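Visitor: My questions will all concern the structure given below.
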Amino acid sequence: MRIMRLLTIALTLLIANARAALTVATDFEGGSARVVSVDEATQTIRFMPGGDPARGWPCWWFLRVDGAEAGATLTFEIVGSDRTIPQVGGYKDKPLPVGWATPVRAAVSFDGKTWLHTDPGAKRADGFTWRAKADTPSVWLAWGPPFTPRDSAALVKRLAEAHPFAKPITLARTREDRDVPALHIRAGGRPDAERFGVWVQARQHAWESGGSWVCRGVAEWFTSDDEAARWLRERADIFIVPVMDVDHVATGDGGKEALPQDHNRDWSDAPHWPEVAAAQKRIAALVAQQRMDVFLDLHNPGPGDLASYFYAGEDSLLADPGRARRDRFLALAAERLEGPIPHTAMSKPSGTTYHPLWRQISNNWVTAHALHHTVSLCLETSWNTPGSTIDGYLTTGRQLAATVAAYLRENPRSPQR
Ligand SMILES: [Zn+2]
């Protein structure tokens, strides 16, 4: 009996001490990583972003580690993707610099839903290292808090179910046969002619997940009990698209400069992407009704941009009162975008000096096709600051939506409105 008991104890100890093998999974929506090595002894996972450069810059990554021991410290070492960029431009035939893929603080989750910042990581010559204590056997790590097409559909559904004035729409069906969810907000019975037109979209660049969180903040504020939100939705048609490039977000690719055309260089007379064509069509309809008032395109900037800023478009496209209205909007935004994510009132041009295809950038296309007074801007929200968390992004979104209401309350179009 005693031998049996000793054997049982020995076996139990053996099982308890046997390290479960660490495995890495990316077979889920938005997942992306190529595993270079897993070192069980040091609990170190070395990986690179998994994206196909033909489907955009391989800077997005999102992985799950299974088999972690409770309380163990996992070490995550990223190296840059070794795949070369096929697109014409500064990176052609070279791998993308790893800096695009290395926030100081990565996003970590222990349930796949709630995302926190890791402690600041450490730069290495060939990449970056983050550490995370495993509270659970599965640990998710990503470039930033993920926001996938499923999250976009869930957001639209939740707001539409909660508010009779918010309706779900499908903006388009993508080339790879996925829906592009969007929300249409319109309260009360005022006729079209007495309503402003507002368009807010995010994720023309798939890797820039922060843009979708800002967009969610915008949508939540427009549907909130805030008196100014209520005022606006009774006097506007508001369209919100949390994820434009659904296909590349779904497959965990970067989207930026995807072949054959970057989404935000696709705003031509013959767009390649159905979601761009569908957005143009709805915006053109608002223009035809003389009520395309505010267009906002939401992005994340470069790793070194530690304050958010607007791309203000090409000045030569704007006559007065367009320039004055744009500057007024920027001033109102600067008052409201007060953190936690820092903002600089210094906007940047995105015209002739910015890119050869500047006319096919969404906010320039809107300016060129819209009305004299239309405000058309791109907000680049910083992703590499301590405030660039889900809460930080949502706050920026609420602040931006409040700016839209404050701006339109000044009656930019007609004094009698
Ligand atoms: Zn972008």
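Residue numbers (the numbering used here): 9 to 425.
C-beta atoms are modelled at their ideal positions from N, C-alpha and C, and glycine is treated no differently.
From a predicted model like this one, the values you see are computed outputs, not experimental measurements.
#1: Throw me the rounded Cβ distance for the Ser146 and Val73 pair, which I believe falls under 8 Å.
#2: Helix, strand or coil: which one does DSSP assign to Val46?
#3: What's the gap between the Cα of Trp215 and the Cα of Gly197?
#4: Does DSSP put Thr81 in a helix, in a strand, or in coil?
#5: Please list, in chain order, all residues of the same chain as Ala410 whose beta carbon is under 7 Å from its beta carbon, the five residues on each side excluded.
#6: When you compare the stretch 348 to 360 with the stretch 314 to 333, are there three or more beta-carbon pairs, one atom per stretch, that lie closer than 8 Å?
#7: In whole angstroms, what is the alpha-carbon distance linking Ile177 and Ala133?
#8: How far does the alpha helix (DSSP H) with Pro157 in it reach, from first residue to last?
#9: What is the DSSP secondary structure of Gln209, reduced to helix, strand or coil?
#10: By how many angstroms is the C-alpha of Thr182 removed from the C-alpha of Pro157?
#11: Among the residues of its own chain, which have a CB less than 6 Å from the CB of Thr137, if the five just before and after it don't count?
#12: So for Glu418, helix, strand or coil by DSSP?
#13: Put Lys289 into one of helix, strand or coil per three-state DSSP.
#14: Looking at the secondary structure, which residues open and close the beta strand (DSSP E) in which Leu71 lies?
#15: Less than 8 Å between the CB of Lys356 and some heavy atom of ligand 1, yes or no?
#16: Taking only three categories from DSSP, how would you classify Trp148?
#17: Would you tell me roughly how many angstroms separate the C-alpha atoms of Asp335 and Pro329, rounded to the nearest one?
#18: For a quick check, are the C-beta atoms of Pro189 and Val249 less than 9 Å apart?
#19: Between Val302 and Val412, which are expected to be in contact by the criterion C-beta below 8 Å, what is the C-beta distance as a whole number of angstroms?
#20: At which residue ranges does the stretch 289 to 359 contain complete alpha helix (DSSP H) runs of 4 or more residues, listed in the order of the chain?
#21: I need the DSSP call for Glu228, collapsed to helix, strand or coil.
#22: Do Trp151 and Ala115 count as a contact pair if the criterion is CB distance below 9 Å?
#23: If you check the beta carbons only, do Trp275 and Ser390 fall under 9 Å apart?
#24: Beta carbon of Lys264: closer than 8 Å to some heavy atom of ligand 1?
#25: What do you reckon, are the CB atoms on Phe55 and Val87 nearer than 9 Å?
#26: Can you tell me where the beta strand (DSSP E) holding Val383 begins and where it ends?
#27: Put Gly405 into one of helix, strand or coil per three-state DSSP.
#28: Is Val44 buried or exposed, if buried means 16 or more other CB atoms sit within 10 Å of its CB?
#29: Quick one: give me the first and last residue of the beta strand (DSSP E) that Ala114 is part of.
#30: Relative to ligand 1, is the shortest distance from any of its heavy atoms to the C-beta of Gln209 smaller than 8 Å?
#31: If distances are taken between C-alpha atoms only, which option among Gly205, Tyr415 and Val383 comes closest to Arg290?
#32: Is Ala410 helix, strand or coil by DSSP?
#33: When you measure from the CB of Glu216 to every non-hydrogen atom of ligand 1, does any distance come out below 8 Å?
#34: With a CB to CB cut of under 7 Å and the five nearest residues on each side skipped, what residues in its chain are close to Gly107?
#35: Residue range of the beta strand (DSSP E) that His192 falls in?
#36: Short of 6 Å in beta carbon distance, which residues of its chain neighbour Asn272, apart from the five on each side in sequence? Order them along the chain.
Guide: Let me lay it out:
#1: About 7 Å separates the beta carbons of Ser146 and Val73, which is inside the 8 Å limit, making them a contact pair.
#2: Of the three classes helix, strand and coil, the one that applies to Val46 here is strand, per DSSP.
#3: Trp215 and Gly197 have their C-alpha atoms some 39 Å from each other.
#4: Reduced to three states, the DSSP call for Thr81 is strand.
#5: Cβ within range, chain order: Trp229, Ala236 and Arg344.
#6: With the rule of 3 Cβ pairs closer than 8 Å, the stretch 348 to 360 counts as touching the stretch 314 to 333.
#7: When rounded, the distance between both Cα atoms is 47 Å.
#8: It spans Pro157 to Ala170 - the alpha helix (DSSP H) in which Pro157 sits, taken as one unbroken run.
#9: Three-state result, Gln209: strand.
#10: Those two C-alpha atoms are separated by around 12 Å.
#11: Cβ neighbours of Thr137 beyond the five flanking positions: Glu85, Gly129 and Ala130.
#12: Glu418: coil per DSSP, three-state reduction.
#13: Residue state, collapsed to three classes: helix.
#14: The continuous beta strand (DSSP E) containing Leu71 extends over residues Phe70 to Asp74.
#15: No.
#16: Strand, per DSSP.
#17: Here the C-alpha atom of Asp335 lies approximately 10 Å from the C-alpha atom of Pro329.
#18: One thing to note: Pro189 has its Cβ within 9 Å of the Cβ of Val249.
#19: Yes, Val302 and Val412 are in contact; Cβ-Cβ is about 5 Å, under 8 Å.
#20: Under the rule that a run must span 4 or more residues, the alpha helix (DSSP H) segments found entirely inside the stretch 289 to 359 read 330 to 344.
#21: Residue state, collapsed to three classes: helix.
#22: Yes, these two residues count as a Cβ contact at 9 Å.
#23: A distance of 9 Å or more separates the beta carbons of Trp275 and Ser390.
#24: Yes, the Cβ of Lys264 comes within 8 Å of a heavy atom of ligand 1.
#25: A distance below 9 Å separates the beta carbons of Phe55 and Val87.
#26: Where Val383 is concerned, the enclosing beta strand (DSSP E) stretches over Val383 to Glu388.
#27: In this structure, Gly405 counts as helix in the three-state DSSP scheme.
#28: When all chains shown are included, Val44 counts as exposed.
#29: First-last for Ala114: undefined, no H or E at that position.
#30: Here the distance from the Cβ of Gln209 to the nearest heavy atom of ligand 1 is not below 8 Å.
#31: If we check each option's Cα against that of Arg290, Gly205 comes out closest.
#32: DSSP places Ala410 within a helical segment (H, G or I) once states are collapsed to three.
#33: For ligand 1, at least one heavy atom lies less than 8 Å from the Cβ of Glu216.
#34: Pro311.
#35: Here the beta strand (DSSP E) through His192 covers Asp187 to Ile193.
#36: Take Asn272, set aside five residues on each side of it, and the residues of its chain with a beta-carbon closer than 6 Å to its own are Gln212, Ile369 and Ser370, in chain order.
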